[in-house]
Amino acid sequence: MPARLSSPIPPPPAASYDAVIVGARCAGAATALLLARAGLSVLAVERSPYGADTLSTHALMRGAVAQLARWGVLDRIRAAGTPAITRTTFHYGDDAVEVPIKPKYGADALYAPRRTVLDTALVDAGRAAGATILHGPRVVELVRRPDGRVSGVVVQDREGGIRTVGAGIVVGADGWRSTVGRLVAARARRIGRHATGVTYGYWAGLPDDGTHWYYRTDAAAGVIPTNDGLTCVFASVPASRFSEVFAGQLEAGCRRVVAHVAPELAADMAGRPPAERVRGFLGEPSCLRQAWGPGWALVGDAGYFKDSLTAHGITDALRDAELLAQAIITGTDAALDGYQDTRDRLAGPVFDATDAIAAFDSDLRTLATLHRALSEGMTAEARYLADLETAVAT
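All residue numbers for the sequence shown refer to the numbering used here, where the first residue is 1 and numbers rise by one.
Pasting the structure below:
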């Protein structure tokens, strides 16, 4: 695992802010950055340490790359040695479909930064814009007015100290098990029918010729080049088979799935130990939640968690961070309604294709058709984001 980074000590929280954001990984930090650049006072609190890693496929699709470029953050991602991805290949059994990644919609290539790189870049940009971002505290309760509107948070630090902070709006960016989402009882607008279990590992010395996505009818795997000369290798099966396939031996199970799905990749991995321990996620169906209510909003996995098989989660998070920031800056319920509607419209095609792919019940020809539908949805999203005039300057 990459060495843990140190963070400058930020000032203590004030009594109140225009926005308090719970969670400061990619979704929360991006939202804090955009709101602070627009002149709002912003506090973001994140339980994990600055620079901590997290499970991720790392992949940024075109829309996310274009956003990071507009925000002035992409140069930091490149400077960290994140390789430019200019080719992706889909493998359906023994057939391969190669797709060149050409500059388009504001993205010169694709990138897949480690979360230790991406999240800290966004946090540092947010702090430079004036946001107060604290690592370590956690939100334990919401403050409400007599009419029920959320008006702040109760924060607990690592020593157990309690502080109440007022907020014009509280944003939950605290993951698919969102504390904010639970406390406001955000209802599910859509729930997927399928889920995949997945393992993630990192290997050095694998061929660096872009991303590869391997599919059989009962399993999938992928390779995604990332920082430090490492490649993220994931192996996926239906969530119902996770325990059977991996049986508490994540590395061995990962290698077995890769050997079944991509023998040539398994041969490249043979004799090479992973650079870090292999980790796993049992899977959870995709869920699109209610995005806002009186005094609160959700962003990132807190508002829209999608199965990881199509590697679109970070792109969702950055897209929705900008949509939500613009709605908060506008400051009306109609704008927040527009955030939810636009999010749902852009998410719909990718949600549908991902859920169908995660079923593992399609033949390979049908699977290729689903991937074309997925590509069309991502292209529409990238086009929208490329045309979006951000409400804040870089």
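Heads up, the beta-carbon is just placed ideally off N, CA and C, and yes, glycines get one too.
Counting every other CB atom within 10 Å of its CB across the protein chains shown gives V278 a total of 16 or more, marking it as buried. For the alpha helix (DSSP H) assignment, the uninterrupted runs of no fewer than 4 residues enclosed by the segment 40–70 are, from N- to C-terminal side, 62–70. For Q249, there is no enclosing alpha helix (DSSP H), as DSSP gives it neither H nor E. Using a Cβ distance threshold of 8 Å, S286 and T354 count as a contacting pair. For D209, the closest of V165, T231 and D218 by C-alpha to C-alpha distance is T231.
DSSP places P238 in the uninterrupted beta strand (DSSP E) bounded by L230 to P238.
DSSP places P225 in the uninterrupted beta strand (DSSP E) bounded by A220 to P225. For the pair G201 and V233, the CB atoms are nearer than the 8 Å cut-off. DSSP, reduced to helix, strand and coil, places S151 within a strand of the structure shown. Counting only unbroken stretches of 4 or more residues, the alpha helix (DSSP H) elements lying wholly within the segment 78–138 are 115–128, in sequence order. Within a 10 Å sphere around the beta-carbon of P113 sit 16 or more other beta-carbons, which makes this residue buried.
Membership of G313 in the alpha helix (DSSP H) is indicated by the continuous run G313 to T330.
In the DSSP assignment, L33 falls within the alpha helix (DSSP H) that extends over C26 to R37. Bounds of the alpha helix (DSSP H) holding L367 are L364 to D387.
For T217, the secondary structure class from DSSP, reduced to helix, strand or coil, is coil. In the DSSP assignment, T196 falls within the beta strand (DSSP E) that extends over T196 to A204. If you check the CB distance, A131 and L288 do not come in under 8 Å. Taking C-alpha positions only, D333 is separated from G303 by approximately 17 Å. Collapsing the DSSP output to three states places E264 in a helix.
Nearest to W292 by C-alpha distance, out of E381, M269 and Y339, is Y339. Its Cα nearest to that of V117, the residue S56 stands out among S56, L134, L336 and V170. Linking R115 to H58 through their CA atoms gives a straight-line distance of about 7 Å. Using a 10 angstroms sphere on the CB of K102, the tally of other CB atoms stays under 16, which defines it as exposed.
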